[in-house]
Amino acid sequence: MLEWLDISTRADVAVARQQARAEARLAGLPPDRIESVAIVATELVTNIVKYAGSGRFLAQTMDLPRGPRLALIASDAGPGIPDIDRMRRDLVSSAASAGIGLGAIERLSDRAEIMTSPETGTLWACAFEGPGREADETLDVAALRLCHPTESVCGDDWRAVEARSGLRLVLADGMGHGEQAAEAGTAMAEGAVRPALLPPKHQLARLGEDLRRTRGGVISILDFDTDAERCDYANLGNISGFRLRDGEQTRFAMRDGYIGSPAARPMGESFDMKRGDFFILHSDGLRTIGAELLPMVQGRSCLLAAAFLLSRTELSRRDDISVAVARWRPTD
6 MLEWLDISTR
16 ADVAVARQQA
26 RAEARLAGLP
36 PDRIESVAIV
46 ATELVTNIVK
56 YAGSGRFLAQ
66 TMDLPRGPRL
76 ALIASDAGPG
86 IPDIDRMRRD
96 LVSSAASAGI
106 GLGAIERLSD
116 RAEIMTSPET
126 GTLWACAFEG
136 PGREADETLD
146 VAALRLCHPT
156 ESVCGDDWRA
166 VEARSGLRLV
176 LADGMGHGEQ
186 AAEAGTAMAE
196 GAVRPALLPP
206 KHQLARLGED
216 LRRTRGGVIS
226 ILDFDTDAER
236 CDYANLGNIS
246 GFRLRDGEQT
256 RFAMRDGYIG
266 SPAARPMGES
276 FDMKRGDFFI
286 LHSDGLRTIG
296 AELLPMVQGR
306 SCLLAAAFLL
316 SRTELSRRDD
326 ISVAVARWRP
336 TD
């Protein structure tokens, strides 16, 4: 899915369940896990209808370095869940829902995380690991994207691959929207992880040479080296990025221009990194993320952080939207 499914009636429950099953098949999940996905989707969406009245649902596969992961995101602006511990007990649900209880959502998912309050409503981020996926205990990564409201393809694309002593994370935004933007976004993202990997700034310079005859677009690369405790960054164009450390936001510089322009000159810089740091990239489909929102994601998983930013309607523009998040996991 590349667009939110609006939820307001019980008929939407069946649609969400169908979309979740379809996405689970794309992720390569076996039949028993597909049914677990369907059960969780049913509970999440039924709770939106019965408890919040309306909300949104998204099922999307993330292609990660060690295999695919399916994400189920459910968001509403309802009153929140006041007694979350009680609702976690099996057979207790927030209203007349599927009746399996929030505890079963957490048990059936490989990971399930909730953010709930009267002020923000309720946000669920549930993850299901693809077959044979190997867990990476060092770097947590997640990325989500949405297509332009009038399109069925997304001009934003991303990649994450293992590199040196860590990982390379790429976010690209093809110029405009629609098929040609999607082709450009994918070409940039794939080119940025093409072997043999060069340092980020040099990779972008090579990419510019390769894509001068395409529509082009903008892109950022982050290389994480956990041995050196360093992040190398390169950018061309308006992909926003920042590091979040202990509640403090450090914004990354951006270089005017776009991939495919003969005058393009990518910029690069390096940052120190320590355990617990978040690194966030997003396209201009999201407005500038203010520091006041960031305490909400501190200490959360990358998937919940990405889902939170994607779900904030006040941040969204009428455009393709993407957000990618990486975190060096704490030791405790």
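So the sequence shown is numbered by the working numbering: it starts at 6 and just counts up by one.
The beta-carbon is built from N, C-alpha and C at its ideal position, and this holds for glycine as well.
According to DSSP, A148 shares a beta bridge with A329. With 16 or more neighbouring CB atoms inside 10 Å of its own CB, H182 falls in the buried class. Out of D237, S245 and E234, the CA that lies nearest to the CA of I224 is found in S245. Restricting attention to T125, C159 and E214, the CA atom closest to the CA of S266 is found in E214. Nearest Cα to G273 within the set R74, D228, A194 and I86: D228. The alpha-carbon of T293 is positioned some 12 angstroms away from that of I285.
Within the same chain, and ignoring the five residues on either side of R164 in sequence, the residues whose Cβ sits closer than 6 angstroms to its Cβ are V175, A194 and V198. Within its own chain, the residues whose Cβ lies closer than 7 angstroms to the Cβ of V45, once the five positions on either side in sequence are excluded, are L77, I110, L113, S114 and C131, listed in chain order.
Inter-segment contact for the segment 294–311 and the segment 325–336 is present: three or more beta-carbon pairs are separated by less than 8 angstroms. The Cβ neighbour count for Q24, taken over all protein chains shown within 10 Å, is at least 16; the residue is labelled buried. Across the set S288, S316, M120 and A258, the C-alpha of S288 shows the shortest separation from the C-alpha of D161. Note that the C-beta distance between A21 and A57 is not below 8 angstroms. Secondary structure of C307 (DSSP, three-state): helix.
In terms of Cα proximity to P204, the closest of I39, R235 and D88 is R235.
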